[in-house]
Amino acid sequence: MQFGIMSVSDITRDPVSGYTPSEAERIDAIVKIAKHAEEVGLDVFAIGEHHNPPFFSSSPTTLLAHIAAITERLILTTSTTLITTNDPVRLAEEYAMLQHLSKGRMDLMLGRGNTAPVYPWFGQDIRQGLHLALENYNLLHRLWREDVVDWEGKFRTSLQGFTSTPRPLDDVPPFVWHGSIRTPEIAEQAAYYGNGYFANNIFWPKEHYRRLIDYYRKRFEHYGHGTGKQAIVGLGGQAFIAKSSQEAHAQFRPYFDEAPVYGNGPAMEDFEEMTPLSVGSPQEVIDKTLTFREAFGDYQRQLFLMDHAGLPLKTVLEQLDLLGEHVVPVLRKELEAKRDPEAPANPPSHADLVKAKYGDDEPRQPRPNANRGDNVTGGSPYQDSEAEVSAYPTL
Amino acid sequence: MTDTTEAFRLVVVSAGVSDPSSTRMLADRLTSRVVAAAKERGRETTVTVVDLRELLPELPTALSSQLLGPRFQRAVDALSEADGVIAAAPVYKAGASGLFTSFFQVLDNDLLIGRPVALAATAGTARHALVVDEEMRSLFAYLRALPVPTSLFASTEDWADDALNGRLDRAAHELVLLMESGFARAVRNESWKRYQHTFGSDAGRELGIDTDTDLMRLAAGGSLVDSEDPFDPRTA
Chain A
1 MQFGIMSVSD ITRDPVSGYT PSEAERIDAI VKIAKHAEEV GLDVFAIGEH
51 HNPPFFSSSP TTLLAHIAAI TERLILTTST TLITTNDPVR LAEEYAMLQH
101 LSKGRMDLML GRGNTAPVYP WFGQDIRQGL HLALENYNLL HRLWREDVVD
151 WEGKFRTSLQ GFTSTPRPLD DVPPFVWHGS IRTPEIAEQA AYYGNGYFAN
201 NIFWPKEHYR RLIDYYRKRF EHYGHGTGKQ AIVGLGGQAF IAKSSQEAHA
251 QFRPYFDEAP VYGNGPAMED FEEMTPLSVG SPQEVIDKTL TFREAFGDYQ
301 RQLFLMDHAG LPLKTVLEQL DLLGEHVVPV LRKELEAKRD PEAPANPPSH
351 ADLVKAKYGD DEPRQPRPNA NRGDNVTGGS PYQDSEAEVS AYPTL
Chain B
1 MTDTTEAFRL VVVSAGVSDP SSTRMLADRL TSRVVAAAKE RGRETTVTVV
51 DLRELLPELP TALSSQLLGP RFQRAVDALS EADGVIAAAP VYKAGASGLF
101 TSFFQVLDND LLIGRPVALA ATAGTARHAL VVDEEMRSLF AYLRALPVPT
151 SLFASTEDWA DDALNGRLDR AAHELVLLME SGFARAVRNE SWKRYQHTFG
201 SDAGRELGID TDTDLMRLAA GGSLVDSEDP FDPRTA
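Quick look at the structure:
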């Protein structure tokens with residue numbers, strides 16, 4: 001079981017001090033937060049993608065590559081990467097590059113994005129959001145698995161003899177999660193490809209997406225990737241931890257009450273009652289988190305939202321200390337003890353995927369042929385591929 | 001399809017906020033006529049009243065986060081089993097009250113498809129008389145519910161006018177006839193799929209997943225290139 005944090009990258013005024021960090025301050029802070037996540041023993045750091053203020057994370061692979069360079073074992077991922085407004089060709093290239101630089105310590109989670117005005121900035125239309133997500137992933141999937149791709153779809157220019165570079169690390173594509181809480185088609189796509197399925201587990205009553213997780217498990221089995229229990233499920237969640245329940249409520253309340261997403265709406269206690277939010281002592285957070293497994297079955301990754309709503313850096317780092325010292329070790333032990341042996345303990349790592357593809361053999365390391373200007377006239381541009389019609393005799 | 005011996009389940013939604021409330025009073029008068037008219041035709045009626053005033057504490061959360069508190073949930077459960085609905089609102093500032101509209105805006109889109117609904121409103125002046133037909137009726141049209149032809153409206157002077165009783169009897173009769181017809185149940189059993197649905201759009205009951213669609217084929221590695229698609233950028 002992996003534990004980590006996910007950030008939305010919001011730059012929010014601290015309602016207690018009245019201070020709004022600059023973009024520069026918040027970007028520095030997120031690097032410290034990610035580094036500290038590793039220091040306190042967490043496994044995963046995830047960053048969102050947004051293209052409008054008050055968010056800073058428009059370029060997740062740049063940030064994650066930097067974090068990869070200053071950490072040792074932390075897995076870098078996204079929450080989420082926009083599979084709708086990004087060109088899948090660019091995603092294939094950028095995330096393969098990140099995979100190389102992080103030495104495989106990464107994966108990514110795909111999401112649609114629900115802010116209508118963002119779509120036209122990238123030449124798209126939110127009414128086609130689901131179509132885009134599905135078609136774009138179909139292409140992304142192939143770009144990481146085929147050296148040369150011919151492709152025709154509805155949404156982007158056709159590709160003739162296109163090679164996405166660099167090829168994935170060890171020629172093993174990054175592991176992909178599909179994030180959704182209400183769309184059966186996304187669960188279907190995750191299942192079809194044997195990819196992971198992630199429910200953000202923040203807002204809705206859990207019954208809504210429990211059914212989708214069940215559906216994903218059923219379809220994962222249907223498509224022959226293993227049993228439903230072997231499907232790879234990840235969950236979000238949010239917590240605020242303090243020594244005592246009272247202290248946690250008192251500290252978090254001003255941030256909850258003015259949080260960008262649910263502020264000025266529900267009372268915090270109602271929200272705790274109706275959603276996965278836990279505010280309390282380490283034991284209370286542990287107890288609530290353990291209910292997730294009861295609802296959704298054994299799962300492989302738990303991400304907490306901890307750096308949002310204007311919480312100052314100092315508080316976020318303290319939260320990570322509490323999470324890493326008092327909550328996660330207990331959850332690891334308890335969840336491992338309860339886990340059905342049939343269910344995987346972790347999502348597949350790069351090493352697992354290499355092993356699955358090559359066994360004990362050496363992984364493929366693609367070396368390009370000399371430049372010939374395009375890929376249209378021949379087979380693979382790599383030396384180890386079979387020469388199909390690589391050259392005609394010349395005079 | 002319709003069980004002709006089972007009692008009708010009537011749900012009365014009243015948005016009156018004073019106590020006593022003339023809106024609730026109008027709803028009650030209609031309710032007792034519906035019960036009597038059903039009895040004349042050999043059917044019992046079980047009545048559940050949803051007094052929206054009691055849901056007020058849960059309304060901000062429901063509106064801002066789509067999270068339903070326990071009282072909201074009970075109201076939704078009652079409506080999802082209803083054979084007929086009476087919906088009564090006070091008119092404020094030339095419109096049905098915010099509480100009334102908010103309640104129905106929070107409900108899942110599919111919850112009331114095909115359900116017969118008698119609409120009623122009260123107001124301090126006859127100048128609000130068209131609110132029922134021009135505003136409330138369109139809300140229920142959006143929900144694909146089936147409002148009865150006779151709308152009820154009572155302003156101050158109507159309470160002393162026998163004509164109101166005549167309209168109440170007429171609306172009650174219409175509602176009973178529509179409940180008796182089993183229209184809503186027949187729609188659910190025979191033509192439910194012809195309405196637009198989304199996953200979970202019927203208070204947690206709309207959960208069928210059809211894998212025989214263009215989108216599902218696309219999800220499973222297929223292509224839209226040869227499909228008829230309303231969003232096709234090349235033909236739009």
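In the order they appear, the protein sequences are chains A and B. If you're matching positions, the first sequence starts at 1 in the UniProt record's numbering and goes up one per residue. If you're matching positions, the second sequence starts at 1 in the UniProt record's numbering and goes up one per residue. We put the beta carbon where it would ideally sit given N, CA and C, even for glycine. Everything numeric in this text was worked out from a predicted model, so none of it was measured.
Proximity of residue i and residue j at Cβ, strictly below 8 Å
i: A/P341; j: A/D171; result: no
i: B/L55; j: B/S80; result: no
i: A/Y215; j: A/A187; result: yes
i: B/D19; j: B/D108; result: no
i: A/M109; j: A/S158; result: no
i: A/L303; j: A/I5; result: yes
i: A/D107; j: A/P174; result: yes
i: A/T165; j: A/E94; result: no
i: A/I232; j: A/Q160; result: no
i: B/V11; j: B/A94; result: no
i: A/P60; j: A/T12; result: no
i: A/Q99; j: A/P168; result: yes
i: B/L119; j: B/S151; result: yes
i: residue 243 of chain B; j: B/A15; result: No information on residue 243 of chain B is available, as it lies outside the stretch 1 to 236 that chain B covers here.
i: B/A172; j: B/A37; result: yes
Endpoints, the alpha helix (DSSP H) within which residue i is located
i: A/D270; result: M268 to M274
i: B/R29; result: S22 to E40
i: A/T71; result: Segment: none, A/T71 is in no alpha helix (DSSP H) and carries neither H nor E.
i: B/R185; result: F183 to A186
Start and end residues, beta strand (DSSP E) containing residue i
i: A/F240; result: A239 to I241
i: A/P120; result: Unbroken run through A/P120 is the alpha helix (DSSP H), V118 to W121; no beta strand (DSSP E).
i: B/A220; result: No beta strand (DSSP E) holds B/A220; DSSP gives it neither H nor E.
i: A/H208; result: Element bounds for A/H208: not the beta strand (DSSP E) but the alpha helix (DSSP H), E207 to H222.
i: A/Q2; result: Q2 to S7
i: B/Q73; result: Note, B/Q73: premise wrong, no beta strand (DSSP E); alpha helix (DSSP H) at P70 to S80.
i: A/P54; result: No beta strand (DSSP E) contains A/P54, which DSSP labels as neither H nor E.
i: A/I47; result: V44 to I47
i: A/G228; result: Where A/G228 is concerned, there is no enclosing beta strand (DSSP E), given that its DSSP letter is neither H nor E.
i: A/Q302; result: R301 to L305
Buried versus exposed call for residue i [16 or more other C-beta atoms within 10 Å across all chains shown]
i: A/N138; result: buried
i: A/R105; result: buried
i: B/P147; result: buried
i: B/Q66; result: exposed
i: A/W177; result: buried
i: A/N346; result: exposed
i: A/D298; result: buried
i: A/N52; result: exposed
i: A/E284; result: buried
i: B/D162; result: exposed
i: A/S380; result: buried
Distance between residue j and residue i (C-alpha atoms, nearest Å)
i: B/L30; j: A/Y192; result: 54 Å
i: B/V106; j: A/I126; result: 23 Å
i: B/F100; j: B/M25; result: 16 Å
i: A/E39; j: A/Q2; result: 15 Å
i: B/A219; j: A/Q230; result: 21 Å
i: A/G280; j: B/R167; result: 57 Å
i: B/A236; j: A/H131; result: Any answer about B/A236 is weak, because its pLDDT of 43 lies below 50 and its placement is not dependable; what the coordinates show is given next. Cα to Cα, B/A236 sits roughly 15 Å from A/H131.
i: A/E247; j: A/F203; result: 24 Å
i: A/Q238; j: A/L76; result: 19 Å
i: B/M1; j: B/A186; result: Note that B/M1 scores 43 on pLDDT, short of 50, meaning its location in the model is unreliable and no value can be drawn from it.
i: A/P15; j: A/D257; result: 9 Å
i: B/L215; j: A/R217; result: 19 Å
i: A/D28; j: A/Q128; result: 36 Å
i: A/L91; j: A/L82; result: 9 Å
i: A/H200; j: A/G324; result: One detail in the question is off: residue 200 of chain A reads as Asn in this sequence, not His. Rounded to the nearest angstrom, the two C-alpha atoms are 21 Å apart.
Collapsed DSSP secondary structure at residue i in the structure displayed
i: A/R26; result: helix
i: A/P168; result: coil
i: A/P341; result: coil
i: A/P254; result: helix
i: A/M106; result: strand
i: A/W144; result: coil
i: A/L132; result: helix
i: A/L322; result: helix
i: A/I83; result: coil
i: A/T12; result: coil
i: B/D162; result: helix
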